[in-house]
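**Student:**
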Amino acid sequence: MASNKGVVYQGSGKVTVEDIGYPELVLRDGPGVPKENVNRKCEHGVILKVIATNICGSDQHMVRGRTTAPQGLVLGHEITGEVIETGRDVEFIEKGDMVSVPFNIACGRCTMCQQQKTHICLNVNPDRPGSAYGYVDMGGWVGGQSEYVMVPYADFQLLKFPDKDQAMDKILDLTMLTDIFPTGFHGAYSAGVTMGSTAYVAGAGPVGLAAAHSAQLLGASAVIVGDLNEERLQQAKSFGCETVNLREHDRLGEQIEQILGVPEVDAAIDAVGFEASGHGESGEQPAAVLNAIMDVTQAGGGLGIPGLYVTEDPGAADKDAQTGSLKVRFGQGWAKAHTFVTGQTPAMYYNRGLMKSILSGNAQIAKAVNAQVISLDEAPDGYADFDSGVAKKFVIDPHGSLR
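Numbering follows this note's numbering, in which position 237 of the sequence shown is assigned residue number 248; successive positions increment by one, without gaps.
#1: With three or more C-beta pairs closer than 8 Å as the rule, is the stretch 164-178 touching the stretch 89-106?
#2: When you compare only the Cα positions, how much space is there between R75 and G294?
#3: Counting pairs of beta carbons, one from the stretch 16-35 and one from the stretch 384-396, are three or more of them closer than 8 Å?
#4: Taking all protein chains shown into account, do 16 or more other C-beta atoms lie within 10 angstroms of the C-beta of P173, making it buried, or fewer, making it exposed?
#5: Taking 9 Å as the threshold (C-beta atoms), are V255 and D281 in contact?
#6: Could you tell me which uninterrupted beta strand (DSSP E) segments, each at least 3 residues in length, are contained entirely in the stretch 54-79, listed from first to last along the chain?
#7: For the stretch 268-286 against the stretch 206-218, are there 3 or more C-beta pairs whose distance is under 8 Å?
#8: For the beta strand (DSSP E) holding Q383, just list the boundary residues, first then last.
#9: With 16 other CB atoms within 10 Å as the buried threshold, where does E89 fall?
#10: R363 by DSSP, collapsed to three states: which one?
#11: Label W345 either buried or exposed according to how many other C-beta atoms from any shown protein chain fall within 10 Å of its C-beta, with 16 as the threshold for buried.
#12: With C-beta atoms as the reference, is E323 less than 9 Å away from Q309?
#13: Mind listing, in chain order, the continuous alpha helix (DSSP H) runs of no fewer than 4 residues lying wholly within the stretch 315-353?
#14: Going along the chain, which residues of its own chain have a beta-carbon closer than 7 Å to the beta-carbon of N134, five neighbours each way excluded?
#15: Measuring only the C-alpha atoms, how far is A226 from G219?
#16: Rounded to whole angstroms, what's the CA-CA distance from C124 to K248? Just pull it up for me.
#17: Could you give the first and the last residue of the continuous beta strand (DSSP E) run that contains N256?
#18: Between the alpha carbons of T64 and V162, how many angstroms are there, rounded?
#19: Looking at the strands, I want to know which residues DSSP matches up with V283.
#20: In the DSSP assignment, find the unbroken alpha helix (DSSP H) run with A117 in it and report its ends.
#21: Tell me which residues share the same chain as V26 and place their Cβ nearer than 8 Å to its Cβ, disregarding the 5 neighbours each side in the sequence.
#22: For P113, which option in L38, Q355, V406, D329 has the closest C-alpha, if you only look at C-alpha atoms?
#23: So, is S412 buried or exposed, given that buried needs 16 or more other C-beta atoms within 10 angstroms?
#24: Tell me, to the nearest whole angstrom, how far the beta carbon of T189 is from that of A358; I am working on the premise that it is less than 8 Å.
#25: Quick check on G237: does DSSP put it in helix, strand or coil?
#26: Just confirm the distance between the C-beta atoms of D180 and A374, as a whole number of angstroms; I'd bet it's less than 8 Å.
#27: Does DSSP put R51 in a helix, a strand or coil?
#28: Can you tell me whether Q168 is helix, strand or coil according to DSSP?
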C-alpha cells in the first residue's frame, strides 16, 4: 500500500508534514471525529491522488490557535485531484477522472442538499449542519493537504473536468473552484452586485481578491477594496480595483466619496471575518468590518458576509467575543433595510458555471489572487508566509506535477 504524507496541525502556530496513512473508504477514529462518525463506511466515495490543494485563510485561523481545533488534525479543504479508486456504490465517476472537490461535504440526499444548500447538509456532521474536510467541528473528515485523500458521496459531489489536458493547462485557475472562487463569488452575488453596481470589499486577502474579481465578472462599475496591508492593495489594483489603505484612513465613507463622489456603495462584502482589526492603528476589533460595511452601504443594499465567524474563539480579547458574541450595530442595518447573507458558501451552487468561465478565458482568478505553487514539504513555510500578510495564494503541489 502507498504511503501518504499530509499537513498536520500541531498546536498554536505550528504545522508539520507527517505520514498520515493511506486513505480508506471509511472514516476511522482520529482527531476531531465525533463518535457517531467513527468507522462510517463510505462505499459511495473515491480515493483521489491530489493534484493541487491550497492553503486557505480559514486554515490560518486554526493554525493561529483561534479555534478549538484538536492537535493532530490533518488540514486542507481545497482539493483538486485524479480518481484512482472508486467505492462499490459509485456509478458515474470513474478511475482517471480529474475532478474538483467542493469544500462542503454533502450527502445529496437530505432536504438541505435537495434545495442546493449543500453548505448545511444534515447527514455528514453529527454536531451541527454542514461539514468540510480537515476543519474544526466539521465532522472529523480527513483534510486534503496531502498526497491522497478520501472523498465521500462522489457521484453527487465531484465536479469532473471535461478534458484533462485542458484542465492541466488551467490548473492554477481550476484549483480555486474548490472554495475561494465560489466563496468570493458568493459574497458578491449575495450582496446583490449586478450590472453597474458599486461595491466595497473589506479585506484584500485571497477571498477578498476573489470577491473583487467576481464583482467585476458580475458587471460592477466600480470595485473598491479596503485593507491594512499595502502589498495586498497593490495586488487588488493590478486587476483594476480602486483601493483604500485603512491603516492610513479611519473614515471609510470619506475615502469612498473621493472615489465615487458619494460616501456609499450599492453592495458590500466582508471577506475578513472574526479576526478583524479596526481602521487606523486601533488593533483587533472583531465587529469592525460588519459595522463599517453597514455604515457605507446604501439603504436597501446587500451585505455579503463570506468572512468566517466562529462560535468559539479562545484567543479573543474579551469574553463575549470568545463565544462569538460581537458588538454589532444591528440597529443600523435594520434602519437601512440591509440584507445580510452569512454562512459557508454552497460551493456546488456556483462551481460549474465558474469552471466554464475559467475554461472560456473569461475568469482569471489565479492572476487575481496571485497563485504561487509550493511543494508539500514547503507547506509550513507557506503557512508562515501567508500569516505574515504576503499577497499570495499558496497552491500545494504534492506530487510535483505543476512545476
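Each residue gets a CB set at the ideal place from its N, CA and C atoms; glycine is no exception. All figures in this text were calculated on a predicted structure; none of them were measured in a lab.
**Tutor:** According to the structure shown:
#1: Result yes; three or more Cβ-Cβ pairs closer than 8 Å.
#2: So the alpha carbons of these two residues sit roughly 16 Å apart.
#3: In short, these stretches touch, since the Cβ pair count reaches three.
#4: Answer is exposed; the Cβ neighbour count stays below 16.
#5: Using a Cβ distance threshold of 9 Å, D281 and V255 do not count as a contacting pair.
#6: Within the stretch 54-79, the complete beta strand (DSSP E) runs of at least 3 residues are 57-65.
#7: Yes, since at least three Cβ pairs between the stretch 268-286 and the stretch 206-218 fall closer than 8 Å, the two stretches touch.
#8: Secondary structure note for Q383: its beta strand (DSSP E) is the uninterrupted segment 382-386.
#9: Here E89 is buried: its Cβ has 16 or more other Cβ atoms, across all protein chains shown, within 10 Å.
#10: Judged by DSSP in its simplified three-state form, R363 adopts helix.
#11: Exposed.
#12: No, the Cβ-Cβ distance between E323 and Q309 is not below 9 Å.
#13: Whole alpha helix (DSSP H) segments, 4+ residues: 330-333, 341-346.
#14: C118, R120, C121.
#15: Cα to Cα, A226 sits roughly 10 Å from G219.
#16: C124 and K248 have their C-alpha atoms some 38 Å from each other.
#17: Going by DSSP, N256 is part of the beta strand (DSSP E) stretching over 253-256.
#18: Those two C-alpha atoms are separated by around 14 Å.
#19: Bridge partners of V283: none, in fact.
#20: Counting along the chain, A117 falls outside any alpha helix (DSSP H), and DSSP gives it neither H nor E.
#21: Excluding positions up to five away in sequence, the list reads V18, V19, Y20, V74, L86, A390, P391, Y394.
#22: It is Q355.
#23: Looking at its Cβ environment, which holds fewer than 16 other Cβ atoms inside 10 Å, S412 is exposed.
#24: Confirmed, Cβ separation roughly 7 Å.
#25: G237 sits in a strand when the DSSP states are folded into three classes.
#26: Here D180 is actually not in contact with A374; their C-beta atoms are around 14 Å apart, not less than 8 Å.
#27: In the structure shown, R51 sits in a strand (DSSP, three-state: E or B).
#28: Of the three classes helix, strand and coil, the one that applies to Q168 here is helix, per DSSP.
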